[in-house]
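Note sheet for the following structure.
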């Protein structure tokens, strides 16, 4: 590809990426200071992420890394044509000195690499993350790609084109996406931010938060950007939020502080142009195929696997009753399948079938009653479903079923944790004290559980 073809391809990319702006090719602008016409490869004018911008793009096909002299020359040209932003594009990248000059200088020069010939496997210019029936069409910001192979939270990651996720993470410059389901209509961006801020302050009391202006979207959806400075991190964490009807979609950006302004613009662009939609599923054919395979199978685990797949396919079609029926059939085939028991507990809790949830919880606990992991999982499942009181009743009932001191110690310890999470410290004290009496009889003094009990005493003093 010669440099003119390369330049044309970049022009087409900008035209697609910024559809609401006016983009012209091969322009000349009279310099304010030089008083001579300045050659502009691509000129972008209009509004991007709520800001009126004039961007000049220089896309010479340099064979070497751009050095400081080229950056100095470009910065002078950007100032001369009174542009708000300048972008240099090359196939080979930039020297460290050039990057420092661009970002520590007075000009808003954005350095990106655009090279369609060297894209790495499974990297693309857009992705469609979804949760249930809800999806968001997310474009990659300029110079970055969505990595469909290396994911976080099952969603594509976003980072500089040409890097792997690991390489981007080492540079502390990448993004990930997440959905937050609004369980209540009043649960808005502000409440989510308050919740996240509290967790960050718990992680590092020195954390400081600032907020950026909202991005103007054509659909007028509410947006916000929070910038978190966390002393324990060597980078900045910035999160962009879009509030849809039933979900809050957010993107977390990690960036070195010297690149914050540049990367915030990328985050703003994504928030401005991301589009939402709804997915409709029709899984009847694949369900019937799996039912036929179940009839032919003699393997209980294989049957359980297929029943749970069928259950998930029914859930995609919003048929929760049929989903639960197939989950139950799967558990009947494999009654001690830990993962599937957790899934059926979640499903029964979500449908308000509390007694059924308790029944399967007891079944899960009985698999390995001395393993505290089961009790920790039950706490998570019931608390996530806002069924704390029902969990306490369940754990109390389990204490009546066993006489083993180790099991009773674990049950009382997790009752203490449950009450602590409910901020009922007096009740937590009672059960932690009881658990220690049982543990004293079965564990050596250096067992890790005693350190956990001491941690509780420290936490209590801080409350």
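In the numbering used here, the protein residues as written are 2 to 464.
Just so you know, even glycine gets a beta-carbon here, dropped at the ideal spot from N, CA and C.
May I ask you to report which of helix, strand or coil DSSP gives residue 148? strand
Measure the Cβ-Cβ separation of residue 309 and residue 341 and say whether it is below 7 Å. yes
First and last residue of the uninterrupted beta strand (DSSP E) at residue 179: 175-182
Can you tell me whether DSSP reads residue 352 as helix, strand or coil? coil
Relative to the C-alpha of residue 370, which residue among 396, 288, 203, 333 is closest? 396
Among 287, 226, 44, which residue has its Cα nearest to the Cα of residue 79? 44
Based on Cα-Cα distance, which residue from 420, 368, 362 lies nearest to residue 389? 420
Can you tell me the Cα-Cα spacing of residue 344 and residue 213, whole angstroms? 39 Å
Excluding sequence positions up to five away, which residues of its chain have a Cβ less than 8 Å from the Cβ of residue 355? 349, 388, 391
Through-space distance from residue 456 to residue 47, alpha-carbon basis: 56 Å
How big is the Cα-Cα spacing for residue 243 and residue 423? 30 Å
Could you compute how far the alpha carbon of residue 37 sits from the alpha carbon of residue 83? 13 Å
CA-to-CA distance, residue 281 to residue 259, given in whole angstroms: 44 Å
Pick out the complete alpha helix (DSSP H) segments inside the segment 271-296, 4 residues or longer, and give them in chain order. none
In this structure, does DSSP put residue 116 in helix, strand or coil? Confidence is the limiting factor: at residue 116 the pLDDT is only 42, short of 50, which leaves the residue's position unreliable, though a coordinate-based value still follows. Note: residue 116 maps to coil in three-state DSSP.
Under a three-way DSSP split, which group does residue 450 fall into? helix
Around the Cβ of residue 279, are there at least 16 other Cβ atoms within 10 angstroms (buried) or fewer (exposed)? exposed
Rounded C-alpha distance that separates residue 300 from residue 270: 52 Å
Using the Cβ count rule (16 or more neighbours within 10 Å means buried), how would you classify residue 373? buried
For the beta strand (DSSP E) containing residue 253, list its first residue and its last residue. 248-256
On a CA-only basis, which of 275, 23, 11 is nearest residue 89? Give me that one, please. 11
How long is the line joining the alpha carbons of residue 338 and residue 403, rounded to whole angstroms? 22 Å
Determine the closest residue to residue 336 out of 221, 245, 313, 304, with distance taken between C-alpha atoms. 304
Contact belief for residue 393 with residue 416 at Cβ below 8 Å, rounded distance in angstroms: 7 Å
Extent of the continuous alpha helix (DSSP H) to which residue 236 belongs: Residue 236 -> no alpha helix (DSSP H), and no H or E assigned at all.
Inspect the beta-carbon positions of residue 224 and residue 272 and report whether they are closer than 7 Å. yes
Taking DSSP's pairing of strands, which residues face residue 59 in a bridge? 89
Residues near residue 261 by beta carbon distance below 8 Å, same chain, minus five either side: 228, 237, 239
Residue burial classification, residue 368 (beta-carbon count within 10 angstroms, cutoff 16): exposed
Starting from residue 44, follow its DSSP beta bridges and name the residues at the other end. 25, 57
Let me check understanding here. Comparing Cα to Cα, which of 141, 174, 187 lies closest to residue 246? 187
Can you have a look at residue 386 and say buried or exposed, based on whether 16 or more other CB atoms are within 10 angstroms of its CB? buried
Please state whether DSSP places residue 95 in a helix, a strand or coil. strand
Using 7 Å as the threshold, is the C-beta distance between residue 60 and residue 81 below it? no
Check the Cβ-Cβ distances between residue 376 and every residue of chain B, and say whether any is below 7 Å. Absence of chain B from the displayed structure is noted, only one protein chain being present.
How would you write the range of the alpha helix (DSSP H) that residue 415 sits in, first residue to last? 406-422
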